[in-house]
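In our numbering, the protein residues as written are 897 to 1164.
Notes follow the structure.
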């Protein structure tokens, strides 16, 4: 990593990294993503898909599942180009994260509004509590690899380190799609990678007539002191009996660490 990349991530919440793209894999990844999207649109496979109100997919999860039969996604997830960046920010002890495809619905423009990737953390805390959340040691690390030109991710640089303005609070809670002063579009050419902090205020804006095929990846930092938690409904598919044995051996330990922390989901 360069000093500039480290500084950009600290101050702005994102940095570009050409060297993080496994260029030899990009054509095969693009072909695999196209196949996965077609399988989902044809209802041949549907592990967990985010859909519009007209049933069009805009985010496709479950790419590690044997039903997709695309081992290249797991190979990419732990490739030599990506992992040095992950280790720099999270260390050597890791827990399985995820890979998903962000794509465009074919019948309408689509956006999911401003938000932060807070999970179950309070989304409308007071300033003191929010700053405590923002300044805790980092436990996850994420990135996007564009397989087609992509200008769908918009974020507000620096908001991963500071409390929201009154206007940003209004946008996060009510006017979800209004523009925010200082927002920035992340322009990615096909084959480019950007790492970015999920605590930045961000949104996705997809156009029906502009193909979006972007892989989003994330890893989690592992600690023996981590507490069990209710499984995220978007990741329940990973509890299936047929998942672990189809993963590469190098992913099985991170998977086991993730699995050990999942409380069994309630029925239904």
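Think of the CB as a built atom: it goes at the ideal place given N, C-alpha and C, for glycine as much as any other residue.
Model, not experiment: these values are computed from the prediction.
Contact between the segment 1021-1040 and the segment 1101-1115 is present: three or more C-beta pairs spanning the two stretches fall below 8 Å. As the crow flies, the alpha-carbon of residue 930 is around 12 Å from that of residue 922. A buried status is given to residue 908, since no fewer than 16 other beta-carbon atoms sit within 10 Å of its beta-carbon. Note on residue 900: under 16 other CB atoms within 10 angstroms of its CB, so exposed under the neighbour-count rule.
Taking residue 1001 as reference, the option from 951, 939 and 980 with the minimal CA-CA separation is 951.
It is roughly 43 Å from the alpha-carbon of residue 976 to the alpha-carbon of residue 1062.
Rounded to whole angstroms, residue 988 and residue 1136 show a C-alpha spacing of 27 Å.
By the 16-neighbour rule on beta-carbons within 10 angstroms, residue 936 is buried. DSSP, read as helix, strand or coil, puts residue 1158 in strand. Listed in chain order, the beta strand (DSSP E) runs fully inside the segment 1055-1104 are 1089-1092 and 1097-1102, counting runs of at least 3 residues. When rounded, the separation of the alpha-carbon atoms in residue 1150 and residue 1144 is 11 Å. DSSP places residue 1038 inside the beta strand (DSSP E), whose first and last residues are 1036-1042.
Nearest C-alpha to residue 1147 among 916, 918, 962 and 974: 974.
A contact is defined here as three or more CB-CB pairs under 8 Å, and the segment 1119-1130 fails this definition with respect to the segment 1080-1087.
For residue 1027, the enclosing alpha helix (DSSP H) has its first and last residue at 1023-1030. With respect to the C-alpha of residue 960, the residue from 1159, 1156, 1134 and 946 having the closest C-alpha is 1134. Around the beta carbon of residue 953, 16 or more other beta carbons sit within 10 angstroms, so the residue counts as buried. Under DSSP, residue 1133 shares a beta bridge with no residue. For the pair of segments examined, the segment 1048-1061 was found to touch the segment 1091-1101: the number of CB pairs separated by less than 8 Å reaches three.
The Cβ neighbour count for residue 993, taken over all protein chains shown within 10 Å, is at least 16; the residue is labelled buried. The beta carbon of residue 1010 lies closer than 6 Å to those of 1067, 1068, 1072, 1097 and 1099 in the same chain, with the five residues before and after it left out. The alpha helix (DSSP H) runs lying completely inside the segment 911-958 and spanning 4 residues or more are 922-937, given in chain order. Cβ atoms of residue 996 and residue 957 come within 8 Å of each other, at about 5 Å.
Bounds of the alpha helix (DSSP H) holding residue 981 are 979-986.
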